[in-house]
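First the structure, in the form of structure tokens, and then the observations on it.
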Amino acid sequence: MTDQKSCMRCHAQWMSIVDERILEFLAENGARQPSQIADELAEQGMVYNPKYVGRRCRELADRGLIDNFGNGIYASSEKGERYLEGEIRLADGA
Numbered sequence: 001m002t003d004q005k006s007c008m009r010c011h012a013q014w015m016s017i018v019d020e021r022i023l024e025f026l027a028e029n030g031a032r033q034p035s036q037i038a039d040e041l042a043e044q045g046m047v048y049n050p051k052y053v054g055r056r057c058r059e060l061a062d063r064g065l066i067d068n069f070g071n072g073i074y075a076s077s078e079k080g081e082r083y084l085e086g087e088i089r090l091a092d093g094a
């Protein structure tokens, strides 16, 4: 079990590994569609199905970690960037 007090980037149980990759990617590269995220992650050796990336983007947007601008465009949110910086910890309901 992870110690919540010492964890730099404590994720919730609902999160998957790709969620952190999506958050990091959007924070570094700006707004993109899930298929673009999947393609660019694949170029870095991290292969994920674009439909799966899209589902994870919707989940992250529902929880406020990324912004959904419509037409399948997602971008980093303030909450997501604060999570990446270790400023906030996610609870299982967050």
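Residue numbers (the UniProt record's numbering): 1 to 94. Every residue, glycine too, gets a C-beta built ideally from N, C-alpha and C. The structure presented is a predicted model; accordingly, all values stated were derived computationally and were not measured.
Counting only the Cα atoms, L65 lies some 6 Å from S77. The Cβ neighbour count for I37, taken over all protein chains shown within 10 Å, is at least 16; the residue is labelled buried.
Secondary structure at R21: helix, using DSSP grouped into helix, strand and coil.
The Cβ atoms of L90 and E24 do not sit closer than 8 Å to each other.
A61 and I22 have their C-alpha atoms roughly 11 Å apart. Short of 8 Å from the beta carbon of R58, and not among the five residues preceding or following it, lie these beta carbons of its own chain, in chain order: N68. In the structure shown, Y74 adopts extended strand secondary structure according to DSSP, grouped into three states.
Going by DSSP, C10 is part of no alpha helix (DSSP H) at all; its letter is neither H nor E.
Around the CB of Y48, 16 or more other CB atoms lie within 10 Å, so the residue is classed as buried.
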